[in-house]
Amino acid sequence: MIHRIPSSEAVGLKDDFNGPICYTPDGNPLVGPAPGLKNMWLAEGFSFGITAAGGTGHYLAQLMTQGEAEIDMASLDPRRYGPWMTTEYAARKNEECYEHVFILHHPDEEREACRPLRTSPAYDRQKARGAQFGQVNGWERPCARRPG
Ligand SMILES: Cc1cc2nc3c(=O)[nH]c(=O)nc-3n(C[C@H](O)[C@H](O)[C@H](O)COP(=O)(O)OP(=O)(O)OC[C@H]3O[C@@H](n4cnc5c(N)ncnc54)[C@H](O)[C@@H]3O)c2cc1C
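For the sequence shown, the positions run 676 to 823 when this note's numbering is used.
In structure tokens:
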């Protein structure tokens, strides 16, 4: 690090840590307003937070000062998770994310770990009739076609 960033030699680093990389269940960080708290903003849950740091700061500052960013930040909104998410769901989805880091992704792909978690009363009937499901906020919902 000192070789790559010579100024780090003089900043007085006292310690360093190695630990597990942070993942969220869908692999996206949590960037935006903290659920249920006023004037509290999150930028966390990054698996690649060094490379994402500059852009995150730029667009989060727009969100905080102007109410919206010039790009769509919905897929990063911390409010996409709630009390419905179980510890097991978080753990298994994170493992699934990690398995997918270095493989090819398809648009709108649906991943299978820890499903179904939330189902409507019609779920069993839909499934019996051959419905294919996608997942939104933990809910299984029938799709017109099998995505991915
Ligand atoms: C093994 C590993 C490999 C990685 N590889 C890459 C990679 O190749 N590319 C990439 O882009 N990213 C990589 N990452 C991810 C990247 O390191 C993180 O996403 C990034 O460092 C997160 O930055 P941050 O500022 O959000 O949090 P952190 O760097 O975790 O900073 C949070 C700081 O807050 C401090 N803190 C915590 N609680 C308190 C408190 N109560 N009061 C005061 N201070 C507090 C902590 O001590 C820490 O210094 C890797 C991570 C790991 C663990």
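Backbone N, C-alpha and C define an ideal beta-carbon position, used for all residues, glycine too.
To which residues does DSSP link Gln807 through a beta bridge? Position 132 of the sequence shown, counted from the start, is the residue given in the question as residue 807. In the DSSP output, where bridge partners are listed per residue, Gln807 has Cys818.
Local Cβ density within 10 Å of Leu751, reported as buried at 16 or more and exposed below that: Within the sequence shown, the letter at position 76 stands for residue 751. Burial call: buried.
By the DSSP assignment, the beta strand (DSSP E) with Leu717 in it spans what residues? Locating residue 717 in the sequence shown gives position 42, counting from the first residue. Segment 716-719, the beta strand (DSSP E) holding Leu717.
Please classify Lys713: is it buried, with 16 or more other beta-carbons within 10 angstroms of its beta-carbon, or exposed? Residue mapping note: residue 713 aligns to position 38 of the sequence shown, counting from 1. With fewer than 16 Cβ atoms within 10 Å of its Cβ, Lys713 is classed as exposed.
Closer than 8 angstroms to a non-hydrogen atom of ligand 1 - does that hold for the CB of Gly732? Position 57 of the sequence shown, counting from 1, holds the residue named residue 732. Checking the Cβ of Gly732 against ligand 1 gives no.
For Pro782, does the three-state DSSP call read helix, strand or coil? Along the sequence shown, one-based indexing puts residue 782 at 107. Reduced to three states, the DSSP call for Pro782 is coil.
Distance between beta carbons of Ala709 and Trp716, contact taken as under 8 angstroms: Taking the first residue of the sequence shown as position 1, residue 716 is located at position 41. Taking the first residue of the sequence shown as position 1, residue 709 is located at position 34. That pair is a contact at about 7 angstroms.
Cut-off 8 angstroms between Cβ atoms - residues of its own chain near Gly707, not counting five sequence neighbours on either side: Taking the first residue of the sequence shown as 1, we reach residue 707 at position 32. Correct list, in chain order: Trp716, Leu717, Leu735, Leu738, Met748, Leu751, Asp752, Pro753, Arg754.
Any chance the CB of Cys697 is under 8 angstroms from a heavy atom of ligand 1? Locating residue 697 in the sequence shown gives position 22, where the first residue counts as 1. Within the cutoff, so yes.
Which residues bound the alpha helix (DSSP H) around Leu735? For this step, residue 735 is matched to residue 60 along the sequence shown. Residues 728-741.
Taking DSSP as the reference, what is the three-state secondary structure of Pro708? In the sequence shown, the residue the question calls residue 708 occupies position 33. DSSP places Pro708 in strand when its eight states are reduced to three.
His775: first and last residue of the uninterrupted alpha helix (DSSP H) it sits in: Counting from one through the sequence shown, the residue named residue 775 turns up at place 100. Where His775 is concerned, the enclosing alpha helix (DSSP H) stretches over 762-775.
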